[in-house]
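Trainee: 88 is the number that the numbering used here gives to position 62 of the sequence shown; each next residue is one higher, with no gaps.
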Amino acid sequence: MRAQLRKLSRAPDAGWWVRERVDMVLLAAKGWSAPLIAQHLGCSDKTVRRVLRAFEAKGVEA
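(1) For Gly85, which three-state DSSP category applies?
(2) Just the Cα atoms here: how many angstroms apart are Phe81 and Val44?
(3) By how many angstroms is the C-alpha of Val51 removed from the C-alpha of Leu78?
(4) Thinking C-beta only, is Leu67 closer than 8 Å to Glu46?
(5) For Arg36 and Ala54, what's the separation of their Cα atoms in angstroms?
(6) Less than 8 Å separating the beta-carbons of Ser49 and Ala60?
Given below as structure tokens:
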């Protein structure tokens, strides 16, 4: 799964939002908390939680 996410984030047509969402998922997989991920990426922890919930529900398609 991680390799698939990294490949997705490195695709030439991947926008910044795709790379940021992949980063959120990968950091969460390393045990980072939503507030820490948000601080690291410069977004809200609400956004991080929303992205992680969508990933859990829909997988890479989210």
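Even glycine gets a Cβ: it sits at the ideal position worked out from N, Cα and C.
Mentor: On the basis of the data shown:
(1) helix
(2) 12 Å
(3) 6 Å
(4) yes
(5) 19 Å
(6) A small correction: the amino acid at residue 49 is Asp; Ser does not occupy that position in the sequence shown. Contact flag unset, no.
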